[in-house]
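K.L.:
The structure under discussion is supplied below as structure tokens; questions concerning it will follow.
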Amino acid sequence: MTPEPIPDIRQLLAFYVEAGVDCALDDAPVNRLAEPEPAPLASAPVAREAPPPQPFRAAPAIIPPRAEPPPPPDAAIASAREAARTAPSLEALRALLETFDGCSLKNTATRLVFADGNPEARIMFVGEAPGRDEDIEGLPFVGRSGKLLDRMIGAIGLDRSKAYIANVIPWRPPGNRTPTPQETQICLPFIQRQIELVDPDVLVTLGNPSTQALLGTREGIMRTRGRWLEYDTGRRVIRAMATFHPAYLLRSPSYKRLSWQDLRAIAKVLSN
Numbered sequence: 097m098t099p100e101p102i103p104d105i106r107q108l109l110a111f112y113v114e115a116g117v118d119c120a121l122d123d124a125p126v127n128r129l130a131e132p133e134p135a136p137l138a139s140a141p142v143a144r145e146a147p148p149p150q151p152f153r154a155a156p157a158i159i160p161p162r163a164e165p166p167p168p169p170d171a172a173i174a175s176a177r178e179a180a181r182t183a184p185s186l187e188a189l190r191a192l193l194e195t196f197d198g199c200s201l202k203n204t205a206t207r208l209v210f211a212d213g214n215p216e217a218r219i220m221f222v223g224e225a226p227g228r229d230e231d232i233e234g235l236p237f238v239g240r241s242g243k244l245l246d247r248m249i250g251a252i253g254l255d256r257s258k259a260y261i262a263n264v265i266p267w268r269p270p271g272n273r274t275p276t277p278q279e280t281q282i283c284l285p286f287i288q289r290q291i292e293l294v295d296p297d298v299l300v301t302l303g304n305p306s307t308q309a310l311l312g313t314r315e316g317i318m319r320t321r322g323r324w325l326e327y328d329t330g331r332r333v334i335r336a337m338a339t340f341h342p343a344y345l346l347r348s349p350s351y352k353r354l355s356w357q358d359l360r361a362i363a364k365v366l367s368n
């Protein structure tokens, strides 16, 4: 018989790998048949005096603060009407809004966005609700749409020292979502009282939501804009006009031409 050739190192390594050997445990051989050496006796543990038992004390219960649920919408609307009616001045109205808890938007907003500009101005602009930048600064129209509004009114010779600016909703909705009809109805008495206290000669509603809320129209902004309407404060009738919201003009700049026509008509009335 021909003796089998002695495998070389590569063949041995390949055999070990196929057999499942993937690492060397020790360089020296181990005799598996030798008797194991006896383990050393562990020293006896030193007895220690046990600490005296402590009296059991129950951990104080952590009771999470209970958030007061907002009042029902009808009650919140009635409360808003009563509170707004009693405000003798803009400062008092702002203080009432700071303490008013009937609208859940207050709980998610950073701060109240009341108004900006001159309360003695002849013209008042009203949008729908503040956005992120307004929520941070506490002033209406300070973001991109606010900068565009400044340019719009600047084109007819106005600035914030000659105009008064506010929103129907004084708190930012979470994520800039659209305010619900209930939220609008709760906040509506406050902006109505705000308009009554400012008592401008011209009221300009910016965008469809503020136009429908304040002027009572159900038509779209395309049909409403550019037409003189009336806003009744209960003491006098104010001339009102709806035009596009600056945020809409940023998305659809082709409508700036129509907005410019609205501004020219407003400037003509103010000049008279």
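Using this note's numbering, read the sequence shown as starting at 97 and increasing by one per residue. Cβ atoms here follow ideal geometry from the backbone N, Cα and C, with glycine treated the same way. Owing to the predicted nature of the structure, the values given are computational and were not obtained by experimental measurement.
Rounded to a whole number of angstroms, what is the C-alpha to C-alpha distance between Ile421 and Asp358?
P.N.:
In the structure displayed, the chain extends from 97 to 368; residue 421 sits before or after that span and is not available.
K.L.:
In chain order, which beta strand (DSSP E) runs of at least 3 residues are fully inside the segment 235-276?
P.N.:
260-263
K.L.:
Using DSSP with H/G/I as helix, E/B as strand and the rest coil, what is Asp197?
P.N.:
The answer is coil: DSSP assigns Asp197 none of H, G, I, E or B.
K.L.:
Does Asp197 pass the burial test, meaning 16 or more other C-beta atoms within 10 Å, or should it be called exposed?
P.N.:
exposed
K.L.:
Since I believe Gly223 is in contact with Leu302 (beta carbons under 8 Å), could you give me their beta-carbon distance rounded to a whole number of angstroms?
P.N.:
4 Å
K.L.:
Where does Leu109 sit, in a helix, a strand or coil, going by DSSP?
P.N.:
Helix.
K.L.:
Can you check which of these residues, Phe237, Tyr351, Val294, Leu325, is closest to Gln308 by C-alpha distance?
P.N.:
Measuring from the Cα of Gln308, the nearest candidate turns out to be Leu325.
K.L.:
Under the rule that 16 or more other beta-carbon atoms within 10 Å means buried, what is Ile105, buried or exposed?
P.N.:
exposed
K.L.:
Using 8 Å as the cut-off, can you tell me whether the segment 170-183 makes contact with the segment 254-261, which would need three or more C-beta pairs spanning the two stretches below that distance?
P.N.:
no
K.L.:
Mark Ala262 as exposed unless 16 or more other C-beta atoms lie within 10 angstroms of its C-beta, in which case mark it buried.
P.N.:
buried
K.L.:
Taking a contact to mean a Cβ-Cβ separation below 8 Å, would you say Asp229 touches Thr206 in this structure?
P.N.:
no
K.L.:
Under a three-way DSSP split, which group does Glu326 fall into?
P.N.:
It is a strand residue.
K.L.:
Is DSSP giving Pro161 helix, strand or coil here?
P.N.:
For Pro161, the predicted structure reports a pLDDT of 47, less than 50, and the residue's modelled location is therefore unreliable. The matter cannot be settled from this model.
K.L.:
Taking the beta strand (DSSP E) that Ile334 falls in, what are its first and last residues?
P.N.:
First-last of the beta strand (DSSP E) with Ile334: 333-339.
K.L.:
Excluding sequence positions up to five away, which residues of its chain have a Cβ less than 6 Å from the Cβ of Phe152?
P.N.:
Reliability fails at Phe152, whose pLDDT of 47 lies under 50, so the model's placement of it is uncertain and the value that follows must be treated cautiously. Here the set comprises nothing.
K.L.:
Please work out which residues of its chain come closer than 7 Å, Cβ to Cβ, to Ala155, disregarding the five sequence neighbours upstream and downstream, and give them in chain order.
P.N.:
Low local confidence applies: a pLDDT of 49 at Ala155 is under 50, so the model's placement there is unreliable, with the coordinate-based value given in what follows. Result list for Ala155: empty, nothing under 7 Å.
K.L.:
Alpha carbon to alpha carbon, what distance is there between Arg240 and Gly234?
P.N.:
Going by the C-alpha atoms only, they are around 15 Å apart.
K.L.:
In this structure, how does DSSP classify Ala154 when only helix, strand and coil are distinguished?
P.N.:
With a pLDDT of 49 at Ala154, under the threshold of 50, the modelled position of that residue is not reliable, and the figure given next carries that caveat. In this structure, Ala154 counts as coil in the three-state DSSP scheme.
K.L.:
Pick from Pro215, Thr339, Pro167, Arg268: whose alpha carbon is nearest that of Ser185?
P.N.:
Among Pro215, Thr339, Pro167, Arg268, the Cα nearest to that of Ser185 belongs to Pro215.
K.L.:
In whole angstroms, what separates the C-alpha of Leu293 from that of Ile287?
P.N.:
Rounded to whole angstroms, Leu293 to Ile287 spans 10 Å at the Cα level.
K.L.:
Can you give me the C-alpha to C-alpha distance between Met318 and Glu187, rounded to a whole angstrom?
P.N.:
Met318 and Glu187 have their C-alpha atoms some 36 Å from each other.
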